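Participant: Residue numbers (this note's numbering), protein chains in the order written: chain D, 285 to 565; chain W, 4 to 221; chain S, 1131 to 1344.
For each residue, glycine too, the CB sits at the ideal point set by N, CA and C.
Just so it is clear, the structure is predicted and the values come from calculations on it, not from any experiment.
What follows is a single structure, and I will ask about it in a moment.
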Amino acid sequence: MKGGAMMDEWYPVGLFSQLSEKGSKTWLMGEAIEVARDRHGNAQVITAEGRALPIRVRYGHVWSSLGNPEKELFAIPEADQPGRRFVDVGVVRVRCSPLRAVENFLDIAHFPFVHTDILGAEPHTEVENYKVEIREGVDEVWATQVKFYQPQAAKSATGGITTEYMYRVPAPTCSVLYKTCPPRPSEWDVITLFVQPLAEDLCDVWPWMALFDDETPMTDLIHFQQTIFLQDRSILENQIPALLPLDPGMEIPTRADLTSIAYRRWLKRHNYTYGAQLVAQ
Amino acid sequence: MKLYDYVLSPSCYKVRLMAAILGIKLDIRPVDFHPGAEHRGPELLALNPAGSIPILEDGDLVLTESSAMLAYLAANSAPEWLGQDSPQETARVQQWLSFSHRLTANLGGARLHEMLLRPGDIKTLQAQGVAALRELEAGLFEQGERGMQFLAASRATIADIACFPYVALAPDGGISLDPYPLIRLWMRAIRSLPGFIEMPGIHRLHELKPDPHPAGEA
Amino acid sequence: MPFDGAGSWAPVALSSDLPPGTVIPAWTSVGPIALWRSQSGRATASSDRCPHRGMRLSHGFVRGEALSCIYHGWSYAVSGGCIRIPAHPDLVPPETIRVAVQQIEEAGGILWAAVGQPATQPPQLDELVPLRSLSVEGDVAAIEAAAGAKIDARGLIRLPEFPWIGLLLAPQEKHTLLLLMIDRDRGPADRIAASRIVESIRRAAEERHREIAE
């Protein structure tokens, strides 16, 4: 099985709040698994052969692995701040590489065309320079000082603002976005994309949020995030090739794509190739 | 008028779209269909025992069928959208409204399965979806031969609004729209209507807005 | 599709299926194309893939004389060169950023793609007018069997029972493109009748194809 180094990572496999004793069947990197809650309320993940997989319950989701993760699941300190509201956005299945799903989440140049009049609008299409690094200590991709003008940046925003962002990739199929928080301008709203690779060209996407927003009803928050993701889905299902090319040649980045360039380089460096293709075809 | 609504529901979108085109303001009450299954919860079941959305409430009128909601909005504000100019037109509207219910089952069922993990026999749903799209393509050809750009008339009616969402979102269920040139042109005509609004999965027609920075051509 | 020694022509779409300012997905022997018509009426076949992040250009939009990708708005001229990258409005895109463009001819209400380097023009089908375009899940042989006749040198089947109907066939990657045509002098009732007849033929051809596949 083509897992490479990605076998020993943590992946989301379900919402903790939706576990049942009956269990629900899904897949992780081609392996059939069942996710359930035992008599004591603990999450359990079992393969078709009856092997119990390691478990973590964090950020509203159940996480598991087919291998032996060396590291703990990444930390999101903002999730522990008092006053945060957590939003389980709900799973959406997409016929695309899990790596393509993450790369799309890191991209802002598509906002005026795909999230028109919500996250961006013509003629405000310019992507100004921003900073990107692979932080060696934590070994994560970080993009900071990312700015974009948005007509309606969040449910809690009352008009157009220039939103500031930070993007972070702490695991090959997870991304964390830190976004200007209108009610508390010195804090960041946290929006995440946790991607479960079912196969190299099929994934379940589990968006999740930790926000400072006491006003907006929960369902509105869920619907806003589902709207954004559903707008991306028809793009993701129409990219060729399906697998993310990690070698240059097939696809042409520009300066606006610094985060995705770093992400692809980081994936290649770590041999995170499930959902990727290596030789330009 | 209060609409119990889910932003990703094509049936709810039919009502939102009709209201937007007619300039009717709806009071939207969002329903956590997914992941919360709120439509099956006690409050909404009390209003609609069928457990479906959309639900439209106007005074003591409660409607639970999207076709009825379209008819109600049109009858109230713009009866020409009902398409009743002749017996043939009336019949065509009814024919395509009934057809639209089949789309909810086949195209809609395929979409729920592929996207939101709902149970279903996906191969059968997709085959039925293809058959329905071919029926629509043939119907649009014949309408074109009669000099009519829309399903029941030369102008759009509630029949077009009823069929449009599930058709436009067929690819969500793994059913390609590539082989249907007339469906493509019909969708474009609908997407170009004054007051048209999108839903997630249906992009804006950017070509309708002139290029803000016209470039020199090579 | 007669081969003239250097190449031939394959039908790709009906002209009427491509109004000015639109783009549609289509297919040629070179591969999938984004077939588009500029505002001035010029038809172009661009490779159906934006070199930025691989998005299908057939999902894009046409403004003026350029085709733009729906993902990030990268715009391409009829020559195939990228002329604008909205994320960098002041950048003149390098010439290396381009999509391949194929030769297209428009004749008799049909858009034709060159296969190889044909020395001649597309086939003359002046006695016929095209009505609509269909996709058949079956090969030419299955369609010939259902129609009860074989294709001629121009790729056209004349139906024995309805000789005023012609089916112009073009094998594509996974199916056969069928352009329904009728004699120029037929009336409106015949046009609708022809459409219903070809639907029956498609049903029979696909049934036969399924039987053979099992």
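1) Going by beta-carbon coordinates alone, are serine 70/W and cysteine 166/W separated by less than 7 Å?
2) Arginine 1183/S CB to nearest chain D CB: under 7 Å?
3) Counting only runs of 3+ residues fully inside the region 1176-1242 of chain S, write out the beta strand (DSSP E) ranges in chain order.
4) Of all the options Asp497/D, Asp401/D, Val460/D, Tyr451/D, which has the alpha carbon lying nearest to the alpha carbon of proline 466/D?
5) Step through the CB atoms of chain S and report whether any lies within less than 7 Å of the CB of aspartate 175/W.
6) If you draw a straight line from the alpha carbon of proline 83/W to that of alanine 77/W, how long is it in whole angstroms?
7) May I ask you to list the residues that DSSP assigns as paired with glycine 1296/S?
8) Relative to chain D, which residues along the region 13-44 of chain W have a C-beta separation below 8 Å, given in chain order?
9) Which chain S residues are close to glutamate 265/W, counting only those with a beta carbon under 7 Å from its beta carbon?
10) Would you tell me roughly how many angstroms separate the C-alpha atoms of lysine 1280/S and leucine 1297/S, rounded to the nearest one?
11) Hey, could you find the ends of the alpha helix (DSSP H) histidine 116/W is sitting in?
12) In chain D, what lies closer than 7 Å to alanine 1217/S by C-beta?
13) Quick one: residues in its chain with C-beta nearer than 6 Å to the C-beta of glutamate 140/W, no 5 flanking neighbours on either side, listed in chain order?
14) Does DSSP put lysine 1280/S in a helix, in a strand, or in coil?
15) Measuring straight from C-alpha to C-alpha, what distance separates leucine 1289/S and arginine 1262/S?
16) Could you name the residues of chain D that valine 10/W contacts, counting a contact when the two beta carbons are closer than 7 Å?
17) Please go through the same chain and pick out, in chain order, the residues whose beta-carbon is closer than 8 Å to the beta-carbon of glycine 198/W, but skip the five residues on each side of it.
18) State the start and end residues of the unbroken beta strand (DSSP E) segment that holds methionine 493/D.
19) Using the three-state DSSP reduction, which class does leucine 403/D fall into: helix, strand or coil?
20) For chain D, check one thing: does any of its Cβ atoms lie closer than 7 Å to the Cβ of arginine 207/W?
21) Does the CB of arginine 377/D have a neighbour CB from chain W at under 7 Å?
22) Tell me, please, whether the CB atom of proline 203/W is closer than 7 Å to any CB atom in chain D?
23) Taking only beta-carbon atoms, is arginine 1321/S less than 7 Å away from chain W?
24) Return yes when the Cβ of valine 453/D is within less than 7 Å of the Cβ of threonine 476/D, no when it is not.
25) Could you pull out every residue in the same chain whose Cβ sits closer than 7 Å to the Cβ of proline 366/D, ignoring the five residues on either side in sequence?
26) Mapping the DSSP letters down to three states, classify tyrosine 547/D as helix, strand or coil.
27) Taking Cβ to Cβ, would you say histidine 37/W is nearer than 7 Å to isoleucine 56/W?
28) If you follow the beta strand (DSSP E) that proline 456/D is part of, which residue opens it and which one closes it?
29) Considering only DSSP beta bridges, list what histidine 345/D is partnered with.
30) Spatial neighbours of asparagine 51/W within its chain, please: C-beta separation below 7 Å, excluding the five flanking residues on both sides.
31) For the alpha helix (DSSP H) holding glycine 62/W, just list the boundary residues, first then last.
32) Does DSSP put glycine 275/W in a helix, a strand or coil?
33) Just to check, is the beta-carbon of serine 1145/S closer than 6 Å to a non-hydrogen atom of the ligand ZN?
34) Compute the distance between the beta-carbons of cysteine 1199/S and glycine 1211/S, then report whether it is under 7 Å.
35) Under 8 Å Cβ-Cβ, which residues of chain D neighbour glutamate 117/W?
36) With glutamine 509/D as the anchor, note down where its alpha helix (DSSP H) starts and where it stops.
Facilitator: Working from what's here:
1) no
2) yes
3) 1191-1193, 1196-1198, 1205-1207, 1212-1214, 1234-1237
4) It is Asp497/D.
5) no
6) The amino acid occupying residue 83/W in the given sequence is glutamate; proline does not appear at that position. So the two alpha carbons sit approximately 7 Å from each other.
7) Arg1288/S, Met1311/S
8) Pro33, Val34, Asp35, His37, Pro38, Gly39, Glu41
9) An answer regarding residue 265/W cannot be provided, because it is not within the stretch 4 to 221 covered by chain W.
10) 10 Å
11) Taken as a continuous stretch (DSSP letters only), the alpha helix (DSSP H) holding histidine 116/W covers 90-119.
12) Ala393, Thr409, Glu410, Val411, Thr538, Ala540
13) Tyr183, Leu185, Ile186
14) coil
15) Straight-line Cα distance between these residues: approximately 16 Å.
16) His507, Gln510, Thr511
17) Ala23, Ile24, Leu25, Gly26
18) 486-495
19) Here leucine 403/D sits in coil by DSSP.
20) Answer yes: the Cβ-Cβ gap between arginine 207/W and chain D drops below 7 Å somewhere.
21) yes
22) yes
23) yes
24) Not closer than 7 Å, so no.
25) none
26) Looking at tyrosine 547/D - three-state DSSP - the assignment turns out to be helix.
27) no
28) Looking at the DSSP string, proline 456/D is not in any beta strand (DSSP E), and its letter there is neither H nor E.
29) Leu299/D, Arg342/D
30) Residues Ile58, Thr67 of the same chain have their beta carbon placed closer than 7 Å to that of asparagine 51/W, with the five preceding and five following residues left out of the count.
31) Following the DSSP letters along the chain, one finds glycine 62/W in no alpha helix (DSSP H), marked with neither H nor E.
32) For residue 275/W there is no data in the structure shown, the boundaries of chain W being 4 and 221.
33) Only the bare structure without any ligand can be found here, which leaves the ligand ZN out of the picture.
34) no
35) Within chain D, the residues near glutamate 117/W are Arg377, Arg379.
36) 502-520
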